[in-house]
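Here the structure comes first, spelled out in structure tokens, and everything after it is commentary.
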Amino acid sequence: MFSNLAKLLRYRGLIQTLVVRDLKARYRGSVLGFFWSFFNPLLLLLIYSFVFTQVLVGAHDPAMEPYALFMFCGILPWTWFSSSILESANTLIAGGNLIKKVLFPAEVLPVVTVLANMVHFFFGLPVLVAFLIYYRRPVDPLELLWFPVIVLVQLVFTIGLALFLSALTVHFRDLKDLLGNIVQLWFFATPIIYPMQQAPENMRSWLNLNPMTHIMISYQEVLFFPGPHGHWKWLLALAAGSIAVFLIGYFVFDRLRDSFAEEV
Amino acid sequence: MTPAIDVINVSKVYRRYAQRKQFATLKSAILSGSLLGDLRPDETFQALRGVSFQVPKGATFGVIGRNGSGKSTLLKCVAGITRPTEGEVRVDGRISALIELGAGFHPEISGRENIFINGIMLGLTKREIQQRFDEIVEFAEMQDFIDAPVKTYSSGMYMRLGFAVAVHVDPEVLLVDEVLAVGDQGFTHKCLDKFAEFRRRNKSILLVTHSLDLVEKFCDEAHWLDKGKTKGEGDPKRVVAAYVIDVEDTEENELAKAEAARLAAAAKEIAAAPPPEPAAVDSGEGAPQGTAEDTAHRDGFKSDDGRWGTREIEIMKVTISGPDGEAGHVFQSGDPIEVRMDVVAKEKTNDFVFGLGLFNADNVCVYGTNTNLEEFQPTEIEGDAAVTFKIDHLDLVEGTYRLDLAAHKADGYPYDYHRLLYTFRVKSRIRDVGIYRPDHSWSFEGGIKISDQK
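Structural data, given as structure tokens:
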């Protein structure tokens with residue numbers, strides 16, 4: 000297993016090329032092309048602003064203004080997570096031609112999916128920055144040092160999960176359909192469109208079991224809430240947990256590897 | 000010297016597709032690392048059974064065998080795409096597998112970008128591809144379209160580009176699975192030249208193909224797989240010859256089986272409903288002879304098979320035999336053959352004609368004749384008799400042919416008609432076309448240099 004894991008590093012050239020291909024292919028043929036990477040999060044932000052300032056007025060604590068910005072801090076990384084998970088479930092089946100006809104390291108496919116979505120997440124960040132400036136939110140530069148750490152933890156966690164799900168989906172195609180609903184539920188079980196403080200007392204311990212909760216709270220603390228990043232202990236614990244998730248995901252993937260060429 | 004490819008006692012077992020055991024496979028795969036788990040033998044399929052061979056460096060090795068004999072599975076095991084269930088495959092050097100050309104192409108992006116991506120997938124670095132880029136494009140004959148998205152390519156362009164990238168990876172070992180049909184004659188020659196170049200540079204090629212000519216001309220050694228087992232290996236000419244004989248035997252059996260089924264069906268038809276023809280002809284007995292002959296004529300050209308007639312003279316058995324005198328269904332073009340009819344005449348009669356018609360697979364009458372046309376004067380037939388039609392040289396091109404046999408009266412009144420019930424196949428090493436191959440030769444004079452490759 001670990002020798003295979005070491006190989007993953009050797010494939011970085013291949014991974015890089017495929018990520019670029021993915022990004023190029025995604026918007027090829029559309030009029031706005033790469034600009035969609037900016038427009039999509041922008042439109043999303045506008046929709047949420049409209050809903051929470053015009054429709055659901057007073058559904059949140061007035062201290063949380065601008066609420067749309069608060070949500071955006073969570074939705075942007077969540078989009079990376081959820082589309083990675085949903086796409087990776089299908090990635091081995093879609094890349095079946097490669098697995099069956101070419102000597103191709105299969106684990107590259109889910110990793111590429113997660114990385115390509117991460118690049119999209121990065122493209123959305125300028126929009127976030129623009130709004131932080133627009134609303135004159137002060138961000139502590141020292142606190143911002145935590146930001147790459149959070150991204151890294153999320154990356155490791157997502158890749159582990161993507162490896163696990165992509166391998167399982169080869170055997171259980173049902174997972175692909177089920178996953179859409181699970182991700183939806185997961186979204187609402189994570190404090191993204193509501194702050195953790197607003198969650199009922201008895202639910203908080205449950206929410207704490209959700210790894211994404213801590214990732215999202217970390218983003219919110221660094222980008223939205225003033226004051227020091229008080230959640231770092233949770234984050235570091237999660238970092239260890241993410242590595243465990245990655246290793247388990249990779250183990251399952253490695254064990255099922257031989258079946259891909261036959262089952263895809 | 001270590002061989003380029005060393006296949007040691009390789010077996011491969013596939014799971015037969017069944018919904019039921021899906022979970023069991025998954026569980027055993029995760030827990031014990033074995034895919035097949037506790038499947039019963041009837042839930043698995045053995046594609047390869049203990050295959051071993053070595054391909055020395057610089058050798059070209061051909062694998063032949065029928066569909067489903069495990070050739071492609073073998074190639075995939077050598078390529079490392081699937082792992083053998085038992086045994087081991089060792090490959091020395093970089094492999095490039097021409098299994099499916101352009102497998103990694105992304106349709107939305109240009110040929111240029113796809114060359115880079117495909118090259119990297121096959122293990123080249125960016126700089127190496129840069130160096131070979133022009134050569135690849137030129138080889139694929141794609142200069143004009145290299146910046147168009149791959150989805151706009153024709154399938155031929157797609158395959159040519161895939162082939163060009165794969166052979167420019169500069170592998171030590173090239174695996175080829177039946178991919179030479181990728182373009183016009185010119186391109187095929189270019190592919191063959193490329194293979195020849197590989198040989199000169201002491202690279203190894205493992206070739207899986209149905210093209211026996213290619214194996215004979217190109218390979219240093221051949222390996223014949225049959226139902227996953229090695230059935231012959233060694234000198235290509237010898238292995239190919241053995242394989243051809245085996246294929247003929249199988250065809251022979253199949254034709255015999257089909258013929259038996261047809262005869263049985265025809266017999267049943269007669270038992271169920273005696274055809275009305277005799278009555279019709281009886282009633283028309285007073286009519287001018289031409290009409291009856293027309294009827295027979297028209298019947299003679301209807302294409303469905305079957306059997307009819309009064310059986311006053313019955314064709315009991317038909318055998319077609321080749322030069323060895325043994326009954327068979329597969330003959331070489333140019334062989335002498337004999338068609339023998341064992342007949343029984345229930346009553347003595349002096350009005351009888353024996354006829355034969357030869358049709359090709361398109362139901363074109365190649366030849367038709369009968370004893371009346373050839374001016375034999377029937378005198379008497381009674382009891383058991385035999386009629387043999389001899390062809391000195393079966394000068395037909397390769398293909399499947401069917402026989403009409405009949406015993407009837409001079410006016411067409413049918414005793415026993417066997418319509419297209421007998422099939423035989425003509426084999427030939429020469430790929431000429433048409434139906435008839437006249438006995439011929441070529442000669443050349445003057446400023447011409449030409450040699451016979453046979």
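Chains as they are written, first to last, in numbering that gives the first Met the number 0: chain A, 0 to 263; chain B, 0 to 453. Beta carbons are placed, not taken as given, at the ideal position from N, Cα and C, and that holds for glycine.
Taking 8 Å as the cut-off, the beta carbon of isoleucine 98 of chain B is found closer than this to the beta carbon of alanine 78 of chain B.
When secondary structure is reduced to three states using DSSP, alanine 188 of chain A falls in the coil class, being assigned neither helix nor strand. When beta bridges are read from the DSSP output, lysine 11 of chain B appears opposite B:Leu47. If you check the CB distance, aspartate 341 of chain B and lysine 316 of chain B come in under 8 Å. Beyond the five residues adjoining it in sequence on each side, phenylalanine 163 of chain A comes within less than 6 Å, by CB distance, of Gly248, Val251 in the same chain, given in chain order. A direct Cα-to-Cα measurement between glutamate 379 of chain B and lysine 347 of chain B gives close to 7 Å. Put simply, of A:Leu144, A:Leu177, A:Ala236 the residue whose alpha carbon is nearest the alpha carbon of leucine 222 of chain A is A:Leu144.
At a cut-off of 8 Å between beta-carbon atoms, glutamate 106 of chain A makes no contact with chain B. Unbroken beta strand (DSSP E) stretches of 3 residues or longer found wholly inside the segment 63 to 131 of chain B: 85 to 90, 94 to 97, given in chain order. The continuous alpha helix (DSSP H) containing alanine 88 of chain A extends over residues 66 to 93. Three or more beta-carbon pairs drawn from the segment 3 to 11 of chain B and the segment 81 to 90 of chain B are found closer than 8 Å, and the two stretches are therefore classed as touching.
Assignment of beta-bridge partners to methionine 340 of chain B by DSSP yields B:Val317, B:Val386.
The residues Phe38, in chain order, have a CB closer than 8 Å to that of leucine 31 of chain A in the same chain once the five nearest residues on each side in sequence are set aside.
Along the segment 248 to 262 of chain A, the positions whose C-beta sits under 7 Å from a C-beta of chain B are Val251, Arg254, Leu255, Asp257, Ser258, Ala260, Glu261, read in chain order. Bounds of any beta strand (DSSP E) do not take in threonine 16 of chain A; it lies within the alpha helix (DSSP H) bounded by 11 to 26. Rounded to whole angstroms, alanine 240 of chain B and leucine 167 of chain A show a C-alpha spacing of 48 Å.
Neighbours of histidine 105 of chain B in chain A, taken as residues at a C-beta separation under 7 Å, are given in chain order as Arg20, Ala24. Excluding the 5 residues flanking it on each side, valine 263 of chain A has same chain C-beta neighbours closer than 7 Å at Leu91, Ile92, Gly95, Ile98, Lys99, Val169, in chain order. Interface annotation, asparagine 96 of chain A: in contact with chain B, CB-CB separation under 8 Å. Straight through space, the alpha carbons of phenylalanine 353 of chain B and proline 322 of chain B are spaced by roughly 23 Å. Scanning B:Leu355, B:Trp307, B:Ala58, B:Ser440 for the CA closest to the CA of phenylalanine 197 of chain B turns up B:Ala58. For the options B:Arg401, B:Leu393, B:His417, B:Asp146, the alpha carbon positioned closest to that of aspartate 438 of chain B is the one of B:Leu393.
Distance from the CA atom of phenylalanine 144 of chain B to the CA atom of arginine 159 of chain B, rounded to whole angstroms, is 12 Å. Of all residues in the segment 28 to 53 of chain A, only Gly28 come within less than 8 Å of chain B when Cβ atoms are compared, listed by chain position. Scanning its chain for C-beta atoms nearer than 8 Å, with the 5 sequence neighbours on each side dropped, one finds around aspartate 219 of chain B the residues Ala58, Thr59, Phe60, Pro235, in chain order. Within the segment 141 to 156 of chain B, the residues whose Cβ lies closer than 8 Å to some Cβ of chain A are Pro148, listed in chain order. According to the DSSP assignment, glycine 233 of chain B belongs to the beta strand (DSSP E) that extends over 228 to 233. Rounded to whole angstroms, alanine 384 of chain B and serine 427 of chain B show a C-alpha spacing of 34 Å. Counting only Cβ-Cβ distances below 7 Å, lysine 232 of chain A has no contacts in chain B at all, with the closest Cβ about 34 Å away. The alpha helix (DSSP H) runs of length 4 or more contained entirely in the segment 162 to 243 of chain A are, from start to end of the chain, 173 to 187, 200 to 207, 210 to 222. Judged by DSSP in its simplified three-state form, histidine 188 of chain B adopts helix.
If you draw a 10 Å sphere on the C-beta of tryptophan 205 of chain A, you find fewer than 16 other C-beta atoms in it, and that means exposed. Alanine 406 of chain B carries a strand assignment under DSSP once its states are collapsed to helix, strand and coil.
Per DSSP, alanine 165 of chain B is one residue of the alpha helix (DSSP H) stretching across 154 to 166.
DSSP links phenylalanine 217 of chain B through a beta bridge to no other residue. With respect to chain B, the C-beta atom of threonine 212 of chain A has no partner C-beta closer than 8 Å.
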